[in-house]
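See below for the structure under consideration.
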Amino acid sequence: MVKAEVLNTLRKIGLVPVLRAESEEQALALATAVAAGGVTVMEVTMTVPGAIRVMRRLAEQRPDLLIGAGTVLDAETARMCILEGAQFVVSPALKIATIEMCHRYGVPVIPGALTPTEILTAWEAGADVVKVFPASSMGGAKYLKSIKAPLPQIELIPTGGVSLATAAEFLEAGALALGVGADLVNPKAIAEGHPETITENARKYLAIVQKFHESRA
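Per the numbering used here, the sequence shown starts with residue 4, numbered consecutively.
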């Protein structure tokens with residue numbers, strides 16, 4: 004999938020589930036539960052034990068999923084993830100070398116930034132989208148809307164504070180997509196044997212995104 008197709012998929016699905024887990028198997032179970040709800044985008048964070056193997060296994064077993072690497076802190080890790088099947092790269096912070104590495108491989112890169120200066124710096128350095136993190140610490144959707152007013156050309160994915168209760172507000176504020184953590188990708192649900200709750204929440208999130216897109220059609 005070429006870069007433009009990846010970005011179009013992110014916009015269409017409107018969600019980037021941030022997958023954190025305590026083991027490879029738990030990570031795979033989380034991915035399966037989310038995908039069962041129709042969400043075909045997955046960000047596997049480097050904090051997951053065996054994260055590289057998880058990405059490789061998902062890339063091999065689930066070609067229907069768009070797999071990204073998350074919590075990527077340096078260019079070397081970005082390259083390793085891309086070679087193992089990651090189709091986009093996300094970082095909690097801005098590192099120019101990581102952006103350059105992703106450009107070398109033609110893979111979308113989504114660095115994290117928070118202030119207007121950081122966000123503009125990331126965009127000018129070649130970020131395809133900027134991850135606004137942690138969005139909740141700056142006022143949530145209201146902050147995102149404030150950023151988009153002077154910088155409408157910059158595509159943003161808020162992460163931190165996104166929930167079923169706030170998802171529509173973030174989309175209305177101008178988000179390209181939503182980075183969603185434990186409110187959707189909940190390891191506790193897997194540990195307690197209730198993956199269906201994750202699947203149901205995935206459907207609820209998709210319904211919110213679909214309703215928003217229909218309102219803009």
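In this text, a Cβ means the ideal position worked out from N, Cα and C, and glycines have one as well.
Beta-carbon gap between residue i and residue j smaller than 7 Å
{"i": "residue 182", "j": "residue 160", "result": "yes"}
{"i": "residue 17", "j": "residue 46", "result": "no"}
{"i": "residue 90", "j": "residue 69", "result": "yes"}
{"i": "residue 122", "j": "residue 112", "result": "no"}
{"i": "residue 128", "j": "residue 115", "result": "no"}
{"i": "residue 8", "j": "residue 57", "result": "no"}
{"i": "residue 29", "j": "residue 193", "result": "yes"}
{"i": "residue 176", "j": "residue 144", "result": "yes"}
Distance between residue j and residue i (C-alpha atoms, nearest Å)
{"i": "residue 119", "j": "residue 93", "result": "19 Å"}
{"i": "residue 34", "j": "residue 150", "result": "32 Å"}
{"i": "residue 108", "j": "residue 32", "result": "29 Å"}
{"i": "residue 124", "j": "residue 136", "result": "15 Å"}
{"i": "residue 191", "j": "residue 84", "result": "26 Å"}
{"i": "residue 2", "j": "residue 37", "result": "The structure shown has nothing for residue 2, since the chain only spans 4 to 220."}
{"i": "residue 134", "j": "residue 52", "result": "23 Å"}
{"i": "residue 59", "j": "residue 15", "result": "24 Å"}
{"i": "residue 180", "j": "residue 195", "result": "29 Å"}
{"i": "residue 197", "j": "residue 19", "result": "21 Å"}
{"i": "residue 174", "j": "residue 208", "result": "11 Å"}
{"i": "residue 6", "j": "residue 66", "result": "16 Å"}
{"i": "residue 153", "j": "residue 141", "result": "17 Å"}
{"i": "residue 204", "j": "residue 110", "result": "29 Å"}
{"i": "residue 291", "j": "residue 188", "result": "Coverage of the chain is limited to positions 4 through 220, which leaves residue 291 absent and any answer about it impossible."}
{"i": "residue 106", "j": "residue 220", "result": "32 Å"}
Assigned secondary structure, residue i (DSSP; H/G/I helix, E/B strand, else coil)
{"i": "residue 52", "result": "coil"}
{"i": "residue 214", "result": "helix"}
{"i": "residue 173", "result": "helix"}
{"i": "residue 46", "result": "strand"}
{"i": "residue 134", "result": "strand"}
{"i": "residue 20", "result": "strand"}
{"i": "residue 111", "result": "coil"}
{"i": "residue 201", "result": "helix"}
{"i": "residue 159", "result": "strand"}
{"i": "residue 37", "result": "helix"}
{"i": "residue 125", "result": "helix"}
Nonlocal neighbours in the same chain, by C-beta distance under 7 Å from residue i, ignoring five residues either side
{"i": "residue 178", "result": "147, 159, 160 and 161"}
{"i": "residue 206", "result": "40 and 41"}
{"i": "residue 24", "result": "30, 33, 51 and 190"}
Residue environment, residue i, which counts as buried when at least 16 other CB atoms sit within 10 Å
{"i": "residue 202", "result": "buried"}
{"i": "residue 131", "result": "buried"}
{"i": "residue 4", "result": "exposed"}
{"i": "residue 199", "result": "exposed"}
{"i": "residue 13", "result": "buried"}
{"i": "residue 117", "result": "buried"}
{"i": "residue 86", "result": "exposed"}
{"i": "residue 11", "result": "exposed"}
Contact set for residue i: own chain, Cβ-Cβ below 6 Å, skip 5 residues either direction
{"i": "residue 186", "result": "166"}
{"i": "residue 184", "result": "21"}
{"i": "residue 164", "result": "138, 139 and 143"}
{"i": "residue 55", "result": "87"}
8 Å Cβ shell around residue i - same chain, five flanking residues per side excluded
{"i": "residue 171", "result": "211, 214 and 215"}
{"i": "residue 225", "result": "No information on residue 225 is available, as it lies outside the stretch 4 to 220 that the chain covers here."}
{"i": "residue 75", "result": "49, 81, 84, 92, 93, 94 and 101"}
{"i": "residue 61", "result": "31, 34, 45, 47, 68, 70 and 88"}
{"i": "residue 155", "result": "177"}
{"i": "residue 43", "result": "12, 16, 67, 68 and 69"}
Heavy atom of the ligand PLP within 6 Å of residue i beta-carbon
{"i": "residue 164", "result": "This structure simply doesn't include the ligand PLP, nor any ligand for that matter."}
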